[in-house]
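For the sequence shown, numbering that gives the first Met the number 0 begins at 0 and goes up steadily by one.
For glycine and all other residues, C-beta sits at the position ideal for the given N, C-alpha and C.
These figures come from a predicted structure and were not determined experimentally.
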Amino acid sequence: MNQPIRLYGGKLSGHSHRVELFLRLLDLPFEFVATPPPDRKTPAFLAMNAFGEIPVIDDSGVTIADSNAILVYLATRYDESRTWLPVEATELAQVQRWLSVAAGPLAFGPATARLGTVFGRSVDRERSTEIADRLFRVMDEHLAQRRFVATDVPTVADIACYSYTRAAPEGGVSLDPHPNIVRWLERIEALPRFEPMPPAPR
Numbered sequence: 000m001n002q003p004i005r006l007y008g009g010k011l012s013g014h015s016h017r018v019e020l021f022l023r024l025l026d027l028p029f030e031f032v033a034t035p036p037p038d039r040k041t042p043a044f045l046a047m048n049a050f051g052e053i054p055v056i057d058d059s060g061v062t063i064a065d066s067n068a069i070l071v072y073l074a075t076r077y078d079e080s081r082t083w084l085p086v087e088a089t090e091l092a093q094v095q096r097w098l099s100v101a102a103g104p105l106a107f108g109p110a111t112a113r114l115g116t117v118f119g120r121s122v123d124r125e126r127s128t129e130i131a132d133r134l135f136r137v138m139d140e141h142l143a144q145r146r147f148v149a150t151d152v153p154t155v156a157d158i159a160c161y162s163y164t165r166a167a168p169e170g171g172v173s174l175d176p177h178p179n180i181v182r183w184l185e186r187i188e189a190l191p192r193f194e195p196m197p198p199a200p201r
């Protein structure tokens, strides 16, 4: 690594947090570049991500957009143990399954509900809450006999699912009925170099 990785993001974005968290867990040097909405429409930023969305990383000239894609990139390039992104077919498939959950029901459920309460976006609160409740029932049952979502050790799937799950109460979605999820969150939070996402202002 020639220089610290530049992470363009927002401190209250769960998508940004999952990347920042993984950079810390991998103990990689990085520079956080706060990128508020107006900056995401500039020609310089759109050259990095034509969709105008955070997060984006610049790793010594290698530019990667999309939080899940960034997690895969970082794990593949910097985790020599290949535990964060396993190579065995069944384990890799399970990781991909939960990356899809992070991009699907997690994004359209608790993350969307939080968009309404924290950022004042116009969202279908009833729909997002229904998605979140169903997701968390499935996750809680899944985690009843497992320590992590995809394999016996933490993977990028756990990192992808962590931030918006922990922040679900900010969107009015309680975690109290889901003790297995709460214990899983605590296992992630016990990892070396863990740092939480800042709470949203009230």
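Span separating the alpha-carbon of residue i from that of residue j
i: Cys160; j: Leu114; result: 16 Å
i: Asp38; j: Ala143; result: 43 Å
i: Glu204; j: Arg76; result: The question about residue 204 has no answer, for the chain in this structure spans 0 to 201.
i: Tyr7; j: Met47; result: 10 Å
i: Leu84; j: Leu98; result: 11 Å
i: Val137; j: Ala101; result: 13 Å
i: Leu184; j: Val172; result: 15 Å
i: Ser66; j: Ala189; result: 22 Å
i: Gln2; j: Thr89; result: 35 Å
Sequence-distant residues of its chain with Cβ nearer than 6 Å to residue i (five each side left out)
i: Pro195; result: none
i: Tyr163; result: Gly13, Leu105, Pro109, Ala110
i: Pro198; result: none
Limits of the beta strand (DSSP E) - the one that residue i falls within
i: Val32; result: 29 to 33
Neighbourhood of residue i by C-beta, 8 Å cutoff - its chain only, sequence neighbours within 5 removed
i: Asp57; result: Ile4, Arg5, Tyr7, Met47
i: Phe50; result: Ala64
Counted within 10 angstroms of its Cβ, other Cβ atoms place residue i as buried (16 or more) or exposed
i: Arg17; result: buried
i: Thr128; result: buried
i: Leu45; result: exposed
Range covered by the alpha helix (DSSP H) that runs through residue i
i: Ile207; result: With the chain running from 0 to 201 in the structure shown, residue 207 is simply not present.
i: Gly13; result: 13 to 24
With a floor of 4 residues, list each alpha helix (DSSP H) that falls wholly inside the stretch 150 to 200, ordered by position along the chain.
155 to 165, 178 to 188
Runs of beta strand (DSSP E) lying entirely within the stretch 58 to 118, each at least 3 residues, in chain order
61 to 64
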